[in-house]
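These notes are about the structure you will find just below.
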Amino acid sequence: MPLHQGPEKPDERPMSVNPFYGAADPVGGMTEAPPKHRLPTAPMPPSTAHQLVRDELMLDGNSRLNLATFVTTWMEPQAGILMAECRDKNMIDKDEYPRTAELERRCVAMLADLWHAPDPSAAVGCSTTGSSEACMLAGMALKRRWARRNADRYPGAARPNLVMGVNVQVCWEKFCNFWEVEARLVPMEGERFHLDPQAAAELCDENTIGVVGILGSTFDGSYEPIADLCSALDALQERTGLDVPVHVDGASGAMVAPFLDEDLVWDFRLPRVASINTSGHKYGLVYPGVGWALWRDGEALPEELVFRVNYLGGDMPTFALNFSRPGAQVVAQYYTFLRLGREGYRAVQQSTRDVARRVADGVESLGDFRLLTRGDELPVFAFTTAPDVEAYDVFDVSRRLRERGWLVPAYTFPPNREDLSVLRVVCRNGFSTDLADLFVDDLTQLLPELRRQPHPYTQDKGAATGFHH
120 MPLHQGPEKP DERPMSVNPF YGAADPVGGM TEAPPKHRLP TAPMPPSTAH
170 QLVRDELMLD GNSRLNLATF VTTWMEPQAG ILMAECRDKN MIDKDEYPRT
220 AELERRCVAM LADLWHAPDP SAAVGCSTTG SSEACMLAGM ALKRRWARRN
270 ADRYPGAARP NLVMGVNVQV CWEKFCNFWE VEARLVPMEG ERFHLDPQAA
320 AELCDENTIG VVGILGSTFD GSYEPIADLC SALDALQERT GLDVPVHVDG
370 ASGAMVAPFL DEDLVWDFRL PRVASINTSG HKYGLVYPGV GWALWRDGEA
420 LPEELVFRVN YLGGDMPTFA LNFSRPGAQV VAQYYTFLRL GREGYRAVQQ
470 STRDVARRVA DGVESLGDFR LLTRGDELPV FAFTTAPDVE AYDVFDVSRR
520 LRERGWLVPA YTFPPNREDL SVLRVVCRNG FSTDLADLFV DDLTQLLPEL
570 RRQPHPYTQD KGAATGFHH
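Residue numbers 120 to 588, in my numbering, belong to the letters of the sequence shown in order.
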């Protein structure tokens with residue numbers, strides 16, 4: 120979450136209140152505007168407070184037209200009703216809300232089966248507030264397992280490290296910073312925009328707690344080769360004896376590949392994969408925020424990391440960074456699993472991939488752009504301007520699309536491809552074929568004006584977009 124500071128000049132411009140917002144008397148119902156940055160002195164009618172907040176929120180972007188976010192922006196009304204009925208239930212109170220706890224347990228079991236755990240009944244897992252928390256938990260487990268094996272050297276002479284591609288989501292940088300782990304990053308090279316298995320293996324040593332493989336890079340939507348990564352680490356173990364586990368960050372792809380890429384081996388079928396996470400609120404098709412973290416078995420999750428609390432009415436094991444949170448999203452996840460099943464998920468994800476490929480083909484056909492990916496793994500694709508385009512850049516395109524309501528991020532790739540700036544389109548359930556065609560039509564209509572520019576107008580690329588990794 121972003122950090123905020125108070126205003127430099129508090130209440131410099133008070134909130135404007137329409138006299139008609141008064142509950143009964145349009146003139147006397149509201150005699151003064153409430154302050155913005157301190158609590159009002161007195162209460163106000165609920166209808167007035169509602170309207171004031173709603174007026175401010177009108178200036179937010181339309182979430183359905185947000186092609187930057189991976190997060191679910193549409194669910195069925197029945198799911199919304201269930202969530203409303205459960206928003207007052209605290210997930211941590213498992214003894215008071217045993218059926219909510221049971222639905223969480225069932226979701227873990229379903230994911231263990233979906234991801235081919237050797238013994239789904241032995242797999243260990245939990246819900247989280249999202250993939251960021253799930254990644255933190257998985258990283259903690261990797262570090263604690265490494266610390267156990269190196270008790271004679273840690274923490275005195277050994278500093279743990281984690282190997283991953285430079286394309287990882289920022290939560291992994293946070294993990295390394297917060298838990299004092301050295302981040303060893305495999306850079307991009309040429310047209311390879313994610314981790315190289317051999318390069319990752321070469322960065323491993325006796326202090327490596329694990330390697331992170333990304334099933335669905337946020338930069339371009341491509342899958343990292345998890346099976347090849349495991350093979351490279353198998354070869355490393357044969358040469359050196361180093362046994363390095365793999366965590367699969369399947370924030371998006373772990374809810375796409377099982378349905379559309381069944382022959383792709385990336386999950387617990389690979390013995391070296393110790394843990395997997397996913398975001399229920401991404402291609403799990405649930406409103407934010409819910410994530411899932413699963414470990415192959417109890418051995419992969421050190422018992423000392425699990426806390427047991429009994430002051431909530433029963434002896435309950437818990438493994439989380441957050442404590443209190445609503446049960447609504449977990450209930451919605453179970454509803455979606457029940458509602459769709461494997462065939463339903465397959466149909467939804469295939470439709471989304473088809474839309475992504477349709478949009479990618481439409482963008483390519485315009486002639487001004489070069490595709491980096493085509494939406495044939497995650498329903499996500501990245502593209503940049505063609506080599507002969509000099510009048511505008513991707514930041515100009517992003518800015519002009521925003522004028523028509525479309526939120527499309529433009530950003531620069533990390534080392535060693537800082538020279539490459541791209542646009543990325545994320546297609547989600549609810550982004551229909553009709554909306555996709557409207558998007559391509561709007562982009563088409565913008566091109567004549569962009570082509571007439573004397574030069575790209577972006578001065579500060581770092582501030583040109585609200586999207587940052």
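No residue lacks a Cβ here, since even glycine has one placed at the ideal position from N, Cα and C. Please read all numbers here as calculations on a predicted model, not as lab measurements.
Proximal residues to residue i (C-beta, below 7 Å), its chain only, five neighbours per side dropped
| i | result |
| --- | --- |
| Ala257 | His366, Ser394, Asn396 and Ala412 |
| Thr471 | Pro498, Cys546, Arg547 and Asn548 |
| Asp362 | Gln356 |
| Ala253 | Thr247, Asn396, Gly410, Trp411 and Ala412 |
| Glu381 | none |
| Glu292 | Ala302 |
Three-way DSSP call (helix, strand, coil) for residue i in this model
| i | result |
| --- | --- |
| His366 | strand |
| Leu562 | helix |
| Met374 | helix |
| Ser67 | Any answer about residue 67 is impossible in this case: the structure gives the chain only from 120 up to 588. |
| Met163 | coil |
| Arg267 | helix |
| Arg489 | strand |
| Thr504 | strand |
| Thr531 | strand |
| Glu522 | helix |
| His588 | For His588, the predicted structure reports a pLDDT of 42, less than 50, and the residue's modelled location is therefore unreliable. The matter cannot be settled from this model. |
| Met259 | helix |
| Thr397 | strand |
| Leu404 | coil |
| Ala346 | helix |
Cβ-based neighbour list, residue i, same chain, cut-off 8 Å, excluding 5 preceding and 5 following
| i | result |
| --- | --- |
| Arg267 | Pro421 |
| Pro590 | The structure shown does not extend to residue 590, since the chain is modelled only from 120 through 588, so no value can be given for it. |
| Asp515 | Leu569, Gln572, Pro575, Tyr576 and Thr577 |
| Asp347 | Pro316 |
| Arg263 | Pro421, Glu423 and Leu424 |
Burial state of residue i (16 or more Cβ within 10 Å)
| i | result |
| --- | --- |
| His574 | exposed |
| Asn535 | exposed |
| Pro528 | buried |
| Arg388 | exposed |
| Ile345 | buried |
| Asp512 | buried |
| Val172 | exposed |
| Ser371 | buried |
| Gln564 | exposed |
| Met177 | exposed |
| Gln124 | exposed |
| Asn280 | buried |
| Thr492 | buried |
| Asp507 | exposed |
| Thr504 | buried |
| Phe297 | exposed |
| Ala419 | buried |
Neighbourhood of residue i by C-beta, 6 Å cutoff - its chain only, sequence neighbours within 5 removed
| i | result |
| --- | --- |
| His588 | Low confidence applies here, because His588 scores a pLDDT of 42, under 50, leaving its location unreliable; read the following figure in that light. For His588, where only same-chain residues beyond five positions count, the Cβ hits under 6 Å are Val289. |
| Glu343 | His313, Leu314, Gly332 and Ile333 |
| Gly417 | Val243 |
| Ser336 | Asn286 and His313 |
| Ser182 | Thr192 |
| Ala277 | Asn269 and Asn326 |
| Asn209 | Ser443 |
| Arg518 | none |
| Phe189 | Ser371, Lys401 and Val545 |
Residue i versus residue j - alpha carbon distance
| i | j | result |
| --- | --- | --- |
| Arg476 | His235 | 29 Å |
| Pro239 | Glu308 | 38 Å |
| Asp315 | Glu223 | 36 Å |
| Ala351 | Gln317 | 6 Å |
| Leu379 | Gln468 | 7 Å |
| Asn326 | Met255 | 19 Å |
| Gly360 | Ala198 | 50 Å |
| Val544 | Leu520 | 12 Å |
| Trp385 | Pro159 | 55 Å |
| Val405 | Ala260 | 26 Å |
| Ala168 | Pro153 | 10 Å |
| Phe442 | Pro165 | 30 Å |
| Arg444 | Leu485 | 47 Å |
| Ala319 | Tyr402 | 27 Å |
| Asp107 | Cys323 | It is not possible to answer for residue 107, since the shown part of the chain is limited to 120 through 588. |
| Phe456 | Arg225 | 10 Å |
| Gly566 | Ser540 | Position check: residue 566 holds Leu in this sequence, whereas Gly was assumed. Going from the Cα of Leu566 to the Cα of Ser540 covers about 18 Å. |
Contact test: residue i Cβ vs the ligand HEM heavy atom, cutoff 7 Å
| i | result |
| --- | --- |
| His235 | No copy of the ligand HEM appears in this structure; indeed no ligand is present at all. |
What ranges does the beta strand (DSSP E) occupy inside the region 427-468, keeping only unbroken runs of at least 3 residues that lie completely in it?
435-437
Tell me the start and end of each unbroken beta strand (DSSP E) in the region 185-241 that is at least 3 residues and wholly inside, in chain order.
none
I'd like the ranges of any alpha helix (DSSP H) spanning at least 4 consecutive residues and lying wholly in the region 309-339.
316-321
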